[in-house]
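First to last, the protein sequences are chains A and B.
Residues in the first sequence are numbered consecutively from 1, following UniProt numbering.
Residues in the second sequence are numbered consecutively from 1, following UniProt numbering.
Report on one structure; see the data block that follows.
Number of protein chains: 2
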Amino acid sequence: MTAAIDFYFDFSSPYGYFASTRIDELAQKYGRIVAWHPILLGVVFKTTGSAPLPQVPLKGDYAWRDFERTARFHGIEYKRPAHFPLPTTQAARAVLWLQNHHGDDIATAFAKAVFHAYFVDDINIAEPAELVKLAESLGIDGRAMDAGASSFQIKDQLKAEIEVAMAKGVFGSPFVIVDGEPFWGFDRFDQIEAHLKSRRPTELRAVPGKGSNPDSDTDSSKEKQPA
Amino acid sequence: MTAAIDFYFDFSSPYGYFASTRIDELAQKYGRIVAWHPILLGVVFKTTGSAPLPQVPLKGDYAWRDFERTARFHGIEYKRPAHFPLPTTQAARAVLWLQNHHGDDIATAFAKAVFHAYFVDDINIAEPAELVKLAESLGIDGRAMDAGASSFQIKDQLKAEIEVAMAKGVFGSPFVIVDGEPFWGFDRFDQIEAHLKSRRPTELRAVPGKGSNPDSDTDSSKEKQPA
Numbered sequence: 001m002t003a004a005i006d007f008y009f010d011f012s013s014p015y016g017y018f019a020s021t022r023i024d025e026l027a028q029k030y031g032r033i034v035a036w037h038p039i040l041l042g043v044v045f046k047t048t049g050s051a052p053l054p055q056v057p058l059k060g061d062y063a064w065r066d067f068e069r070t071a072r073f074h075g076i077e078y079k080r081p082a083h084f085p086l087p088t089t090q091a092a093r094a095v096l097w098l099q100n101h102h103g104d105d106i107a108t109a110f111a112k113a114v115f116h117a118y119f120v121d122d123i124n125i126a127e128p129a130e131l132v133k134l135a136e137s138l139g140i141d142g143r144a145m146d147a148g149a150s151s152f153q154i155k156d157q158l159k160a161e162i163e164v165a166m167a168k169g170v171f172g173s174p175f176v177i178v179d180g181e182p183f184w185g186f187d188r189f190d191q192i193e194a195h196l197k198s199r200r201p202t203e204l205r206a207v208p209g210k211g212s213n214p215d216s217d218t219d220s221s222k223e224k225q226p227a
Numbered sequence: 001m002t003a004a005i006d007f008y009f010d011f012s013s014p015y016g017y018f019a020s021t022r023i024d025e026l027a028q029k030y031g032r033i034v035a036w037h038p039i040l041l042g043v044v045f046k047t048t049g050s051a052p053l054p055q056v057p058l059k060g061d062y063a064w065r066d067f068e069r070t071a072r073f074h075g076i077e078y079k080r081p082a083h084f085p086l087p088t089t090q091a092a093r094a095v096l097w098l099q100n101h102h103g104d105d106i107a108t109a110f111a112k113a114v115f116h117a118y119f120v121d122d123i124n125i126a127e128p129a130e131l132v133k134l135a136e137s138l139g140i141d142g143r144a145m146d147a148g149a150s151s152f153q154i155k156d157q158l159k160a161e162i163e164v165a166m167a168k169g170v171f172g173s174p175f176v177i178v179d180g181e182p183f184w185g186f187d188r189f190d191q192i193e194a195h196l197k198s199r200r201p202t203e204l205r206a207v208p209g210k211g212s213n214p215d216s217d218t219d220s221s222k223e224k225q226p227a
């Protein structure tokens with residue numbers, strides 16, 4: 001039994017973009033699949049009282065610097081977009097519509113294309129016309145997607161999806177939940193990998209855990225203590 | 001010429017504590033020394049509009065979980081303190097007084113002892129009497145330190161030190177500045193190490209950088225692009 005990894009992101013989040021370039025690969029390595037969940041940080045920030053990093057005093061300049069340095073450190077293509085942040089509502093709705101009508105694979109391919117368009121090609125992804133073009137480059141009927149993404153049904157679904165995410169404790173982007181364990185930030189990918197490794201089916205592990213020895217009288221709570 | 005690494009921290013910051021257990025070791029590996037700068041996040045947060053992580057809606061529960069998981073991941077001793085956050089003004093002032101009167105080595109040893117007392121032994125480091133005890137365990141005259149830390153001179157110095165830090169862009173804990181490059185968070189220690197590695201004196205490098213070849217017509221700006 002391998003449960004999906006839940007990946008929450010806002011299309012205007014640079015760290016969300018970085019995560020989007022690695023999450024599928026990481027999951028695959030451990031035989032997992034990824035459920036992609038577009039959210040709107042604007043809605044979340046109303047609850048947490050936060051603001052986009054580049055708009056916070058003192059943090060702003062640092063954030064721009066860190067986006068670039070982090071991209072370079074991890075070897076990820078990145079170009080500072082001219083417009084930031086921008087509304088990502090239509091893009092998020094388009095992903096939901098694609099998931100409903102074309103399945104996860106096409107929806108995920110579209111989501112990756114949107115991130116790449118924004119953070120590499122500096123395309124204004126708030127423009128519905130740009131989203132239509134991106135969809136068509138993937139063989140998707142862009143006009144149908146645009147109409148569907150603008151329907152009341154999808155608008156309501158996005159609102160509800162964000163409510164669900166917040167109920168699960170999601171408060172930022174990227175946010176990953178694996179087996180009930182929450183991870184906030186691209187800089188937790190090392191800990192996500194450690195978690196996935198620890199949850200691999202036993203037959204794949206080189207060394208079985210100590211707890212698997214029924215003769216052991218080790219206090220299992222000790223395993224939680226630092227080495 | 002090897003400049004000091006500036007390390008800013010608040011004693012009530014768990015990630016600051018984690019950083020305090022690794023920063024000297026990391027610096028030493030690259031022939032650097034560390035200048036320890038106690039600051040007060042309460043003062044900084046007035047400018048950034050932030051609050052201690054565990055007090056932010058939604059982020060609170062996550063933060064406690066992440067402190068523990070991060071400690072375990074990095075093999076750092078950690079026990080959730082009963083009182084959090086607590087006032088760290090007297091501890092910060094004591095470090096400054098020790099730097100002024102006993103030098104950096106003793107001040108740093110005391111700072112490490114304070115962090116350990118708070119995040120491992122659950123000692124209330126807001127209590128001046130506890131700080132005196134810690135000092136005496138290190139052979140420091142605790143009463144002299146307590147009196148010195150309470151002087152107007154040291155109070156003014158701490159205020160001024162925090163002003164300087166903020167003028168340099170410091171807005172959180174831990175915050176590290178190396179050769180003018182700012183790094184926020186314990187989760188940037190991998191990027192700090194990459195920076196230190198790139199700044200090692202040339203004779204120590206195994207492979208000289210491409211830019212060192214005067215015959216090369218490579219556009220050096222390309223080195224900044226992701227691989």
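Every residue, glycine too, gets a C-beta built ideally from N, C-alpha and C.
These figures come from a predicted structure and were not determined experimentally.
Residue i classed as buried or exposed, judged by whether at least 16 other C-beta atoms fall within 10 angstroms
{"i": "Thr88(B)", "result": "buried"}
{"i": "Gln90(B)", "result": "buried"}
{"i": "Ile123(A)", "result": "buried"}
{"i": "Phe67(B)", "result": "buried"}
{"i": "Lys29(A)", "result": "exposed"}
{"i": "Asp187(B)", "result": "buried"}
{"i": "Ala147(A)", "result": "exposed"}
{"i": "Val164(A)", "result": "exposed"}
{"i": "Ala71(B)", "result": "buried"}
{"i": "Ile154(B)", "result": "buried"}
{"i": "Ile177(A)", "result": "buried"}
{"i": "Gly16(A)", "result": "buried"}
{"i": "Ala107(B)", "result": "buried"}
Euclidean distance between Cα positions of residue i and residue j
{"i": "Glu193(A)", "j": "Phe175(A)", "result": "14 Å"}
{"i": "Pro182(B)", "j": "Gly139(A)", "result": "44 Å"}
{"i": "Tyr118(A)", "j": "Glu77(A)", "result": "11 Å"}
{"i": "Arg65(B)", "j": "Thr48(A)", "result": "18 Å"}
{"i": "Ala14(B)", "j": "Asp6(B)", "result": "The residue you asked about is not Ala; residue 14(B) is Pro in the sequence shown. Roughly 18 Å separates the two Cα atoms."}
{"i": "Ala19(B)", "j": "Val114(B)", "result": "14 Å"}
{"i": "Phe11(B)", "j": "Ser173(B)", "result": "9 Å"}
{"i": "Met166(B)", "j": "Phe152(B)", "result": "21 Å"}
{"i": "Ser50(B)", "j": "Ala144(A)", "result": "43 Å"}
{"i": "Ser198(A)", "j": "Phe73(B)", "result": "12 Å"}
{"i": "Gly31(A)", "j": "Thr2(A)", "result": "7 Å"}
{"i": "Leu58(B)", "j": "Ala35(A)", "result": "22 Å"}
{"i": "Asp156(B)", "j": "Ile23(B)", "result": "27 Å"}
{"i": "Leu134(A)", "j": "Phe110(A)", "result": "7 Å"}
{"i": "Phe179(B)", "j": "Gln99(B)", "result": "The amino acid at residue 179(B) is misidentified as Phe; the sequence shows Asp. Their Cα atoms are separated by approximately 22 Å."}
{"i": "Val43(B)", "j": "Val170(A)", "result": "28 Å"}
{"i": "Leu131(A)", "j": "Ile125(B)", "result": "55 Å"}
{"i": "Glu203(A)", "j": "Trp97(A)", "result": "Because Glu203(A) sits at a pLDDT of 44, beneath the cut-off of 50, its placement in the model cannot be relied upon, and the point is left open."}
{"i": "Leu26(A)", "j": "His102(B)", "result": "50 Å"}
{"i": "Leu86(A)", "j": "Lys46(A)", "result": "17 Å"}
{"i": "Asp141(B)", "j": "Glu161(B)", "result": "24 Å"}
{"i": "Ser150(B)", "j": "Arg80(B)", "result": "28 Å"}
{"i": "Val120(B)", "j": "Thr21(B)", "result": "12 Å"}
{"i": "Lys159(A)", "j": "Lys112(A)", "result": "22 Å"}
{"i": "Ala82(B)", "j": "Asp105(A)", "result": "47 Å"}
{"i": "Leu196(A)", "j": "Phe189(A)", "result": "10 Å"}
{"i": "Ile33(A)", "j": "Ala4(A)", "result": "5 Å"}
{"i": "Gly60(B)", "j": "Pro52(B)", "result": "9 Å"}
{"i": "Ser137(B)", "j": "His116(A)", "result": "57 Å"}
{"i": "Glu127(B)", "j": "Gly75(A)", "result": "47 Å"}
{"i": "residue 252(A)", "j": "Val56(A)", "result": "Only positions 1 to 227 of chain A appear in this structure, which leaves residue 252(A) out of reach."}
{"i": "Lys168(B)", "j": "Lys168(A)", "result": "38 Å"}
Identity of the residues DSSP links to residue i by a beta bridge
{"i": "Phe9(B)", "result": "Pro38(B)"}
Integer Cβ distance of residue i from residue j, believed to fall under 8 Å
{"i": "Pro54(B)", "j": "Phe84(B)", "result": "7 Å"}
{"i": "Leu40(A)", "j": "Ala92(A)", "result": "6 Å"}
{"i": "Trp184(A)", "j": "Tyr8(B)", "result": "In fact, because the Cβ distance is near 22 Å, the residues do not count as touching under 8 Å."}
{"i": "Arg200(B)", "j": "Gln191(A)", "result": "That pair is no contact at about 29 Å."}
3 or more residues per run - each beta strand (DSSP E) lying fully within the region 164-201 of chain B:
Fully enclosed beta strand (DSSP E) runs of 3 or longer: 175-178 and 181-184.
Taking only runs of the beta strand (DSSP E) that begin and end inside the region 29-105 of chain B, which ones reach a length of at least 3 residues, in chain order?
Within the region 29-105 of chain B, the beta strand (DSSP E) runs of at least 3 residues that lie entirely inside it are, in chain order, 34-38.
What residues from the region 29-51 of chain B come within 9 Å of chain E, judged by C-beta to C-beta, listed N to C?
Included in the structure are the protein chains A and B, with no chain E among them.
Could you tell me which whole beta strand (DSSP E) segments of length 3 or greater appear in the region 96-155 of chain B?
DSSP runs (the beta strand (DSSP E)) wholly in the region 96-155 of chain B: none.
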